[in-house]
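> Before I ask anything, here is the structure I am working with.
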Amino acid sequence: MRFDLTDLRLFLHIVETGSITAGAERSAMALASASARVRGMEEALGIPLLERFRRGVRPTPAGRAVVHHARLVLHQLERMRGELAEYAKGLKGHVRLLSNTAAINEFLPDALAGFLADNPSIDIDLEERPSHAIVEAVAAGLADLGVVADMVDLGGLETRPFRSDRLVAVLPLAHRLAGHDRISFADLLDEPFVGLSAGSALQDYLNGHATRAGRSLSYRVRVRGPVALCRLVERGVGVGIVPETAALRALDSGGLRVMPLSDPWAPRLLVLCARNFADLSAHARRLVDSLSENAPAPI
């Protein structure tokens, strides 16, 4: 049995994306070549590593074992690279970071821009996911770090504060509820919503709260980002819920009412999470130190 690092990285990308096609694209590899490598791995072991379905793939028990050991091998490689980078210039490091919507839209762009400018030898693979999915991926070793809301069940993961985040309601100025000082999520459930696109971690979070209330949100339209969402709300299309920082940026035109949500889950602390910060590669530890600068106290 002989697997090289390219095989292991490819297999992880396939499992992370749930698709041989997407895994091949992430690996910068032709689909035919990726499929041949997976078949070669399965033939070498004599057992299937993937269950294949019409809409994707998932690992078999043997495939999950390969994922576990591949992560260990690649993690050790990253640690070696990080330590050697202290002695050799130009050696590239790689950190896989998963984040929820709020951090990606509001906080990570500036934080990562500064870090990447100061660390040209480190590349970051950043992907948006819901907080609960991030916890599962980090715990399974499919990512080095995550940024999640601290109200999610973090299991046995270690955490460090990252940024404070508060969700607010945005309404047109002429809306019948716009005169209130505060509003609850339940007060908005009968209203038409402007939402974020399918797959948005924040929108999945809100849909979950609606489901727990025995309701579902009624969308007039869904858009990719909170700025576009606020513009549509301002024009009277519906109501929305976004991070406070995004809402305040959209206030310039004067046609928007921003209202605090009274729900206990509206104020959130965003945290960095990892299985064990001490075991991270030198590159990942450097990223943690950078992102933890000026972190707020817990809410």
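Just so you know, full-length UniProt numbering puts 130 at position 130 of the sequence shown, and the rest follows in order with no gaps. Even for Gly, the Cβ is constructed at its ideal location relative to N, Cα and C.
1) Relative to the alpha-carbon of residue 46, which residue among 205, 81, 187 and 62 has its alpha-carbon at the smallest distance?
2) Reducing DSSP to helix, strand and coil, say where residue 94 ends up.
3) Spatial neighbours of residue 42 within its chain, please: C-beta separation below 7 Å, excluding the five flanking residues on both sides.
4) Name the one or two DSSP bridge partners that residue 241 has.
5) Around the C-beta of residue 283, are 16 or more other C-beta atoms found within 10 angstroms, so that it is buried, or is it exposed?
6) Output needed for residue 256: all residues of its chain with C-beta closer than 8 Å, excluding positions within five of it in sequence on either side, in chain order.
7) Relative to the C-alpha of residue 133, which candidate in 5, 286 and 16 has its C-alpha closest?
8) In three-state terms, what does DSSP make of residue 131?
9) Where residue 243 and residue 196 are concerned, what is the direct C-alpha to C-alpha distance, given to the nearest angstrom?
10) Hey, how far is the Cα of residue 97 from the Cα of residue 129?
11) Can you list, in chain order, the residues of its chain with a C-beta nearer than 6 Å to that of residue 299? Leave out the 5 residues immediately preceding and following it.
12) Whose C-alpha, out of 208, 3 and 164, is nearest the C-alpha of residue 294?
13) Run through the segment 205 to 232 for me and flag every whole beta strand (DSSP E) of 3 or more residues, listed as ranges in chain order.
14) Which same chain residues end up closer than 8 Å to residue 277 when comparing Cβ atoms and leaving out the 5 residues on each side of it in sequence?
15) Using a Cβ-Cβ cutoff of less than 7 Å, which residues in the same chain neighbour residue 60 once the five nearest sequence positions on both sides are dropped?
16) Hey, out of 261, 224 and 252, whose CA is closest to residue 241's CA?
17) Taking 8 Å as the threshold (C-beta atoms), are residue 216 and residue 101 in contact?
18) Who are the Cβ neighbours of residue 119 in its own chain at under 6 Å, not counting the five residues just before and after it?
19) Report back the beta-carbon spacing between residue 57 and residue 19 to the nearest angstrom; my notes put them in contact at under 8 Å.
20) Taking only three categories from DSSP, how would you classify residue 46?
Inspection of the coordinates gives the following:
1) The residue labelled residue 46 in the question sits at position 46 within the sequence shown. Of 205, 81, 187 and 62, the residue nearest in Cα terms is 62.
2) By one-based count along the sequence shown, residue 94 stands at place 94. Correct three-state label for residue 94: strand.
3) Indexing the sequence shown from 1 puts residue 42 at position 42. The beta carbon of residue 42 sits closer than 7 Å to those of 48 and 49, all from its chain and outside the five residues before and after it, given in chain order.
4) Against the sequence shown, residue 241 aligns to sequence position 241. Paired residues: 169.
5) Here residue 283 refers to the residue found at position 283 when the sequence shown is read from its first residue. Burial of residue 283 is indicated by the presence of at least 16 other C-beta atoms within 10 angstroms of its C-beta.
6) Along the sequence shown, read from residue 1 onward, the residue named residue 256 stands at position 256. Within the same chain, residue 256 has close Cβ partners 170, 171, 172, 173, 230, 233, 234, 247 and 250.
7) For the purposes of this step, residue 133 is identified with residue 133 of the sequence shown, where counting begins at 1. The alpha carbon of residue 133 has as its nearest neighbour, out of 5, 286 and 16, the alpha carbon of 16.
8) One-based indexing of the sequence shown puts residue 131 at position 131. If DSSP states are grouped into helix, strand and coil, residue 131 belongs with the helices.
9) Within the sequence shown, residue 243 is the residue found at index 243, counting from 1. Within the sequence shown, residue 196 is the residue found at index 196, counting from 1. Roughly 12 Å between the two C-alpha positions.
10) Translated into the one-based positions of the sequence shown, residue 97 becomes position 97. Translated into the one-based positions of the sequence shown, residue 129 becomes position 129. Answer to the nearest angstrom: the Cα atoms are 10 Å apart.
11) Sequence index remark: in the sequence shown, residue 299 carries index 299 (1-based). Residue placement at residue 299 is flagged as unreliable, the pLDDT there being 48, under the threshold of 50; the coordinate-derived value follows with that caveat. Correct list, in chain order: 267 and 269.
12) Position 294 of the sequence shown, counted from the first residue, corresponds to residue 294. Answer by Cα proximity: 164.
13) You should have 218 to 223.
14) Stepping through the sequence shown from its first residue, residue 277 is reached at position 277. Excluding residues within five positions, the ones whose Cβ falls inside 8 Å are 158, 160, 285 and 288.
15) The residue labelled residue 60 in the question sits at position 60 within the sequence shown. Exclusion of the five residues before and after residue 60 leaves 48, 49, 50 and 51 as the residues of its chain whose Cβ lies within less than 7 Å of its Cβ.
16) Looking up residue 241 in the sequence shown gives position 241. If we check each option's Cα against that of residue 241, 261 comes out closest.
17) In the sequence shown, residue 101 corresponds to position 101, counting from 1. In the sequence shown, residue 216 corresponds to position 216, counting from 1. Their beta carbons are not under 8 Å apart, which means residue 101 does not touch residue 216 by this criterion.
18) Indexing the sequence shown from 1 puts residue 119 at position 119. Closer than 6 Å at the Cβ level, and outside the excluded window around residue 119, lies no residue.
19) Stepping through the sequence shown from its first residue, residue 57 is reached at position 57. Stepping through the sequence shown from its first residue, residue 19 is reached at position 19. In this structure, residue 57 and residue 19 form a Cβ contact; the two beta carbons are roughly 7 Å apart against a cut-off of 8 Å.
20) By 1-based counting over the sequence shown, the position of residue 46 is 46. The answer is coil: DSSP assigns residue 46 none of H, G, I, E or B.
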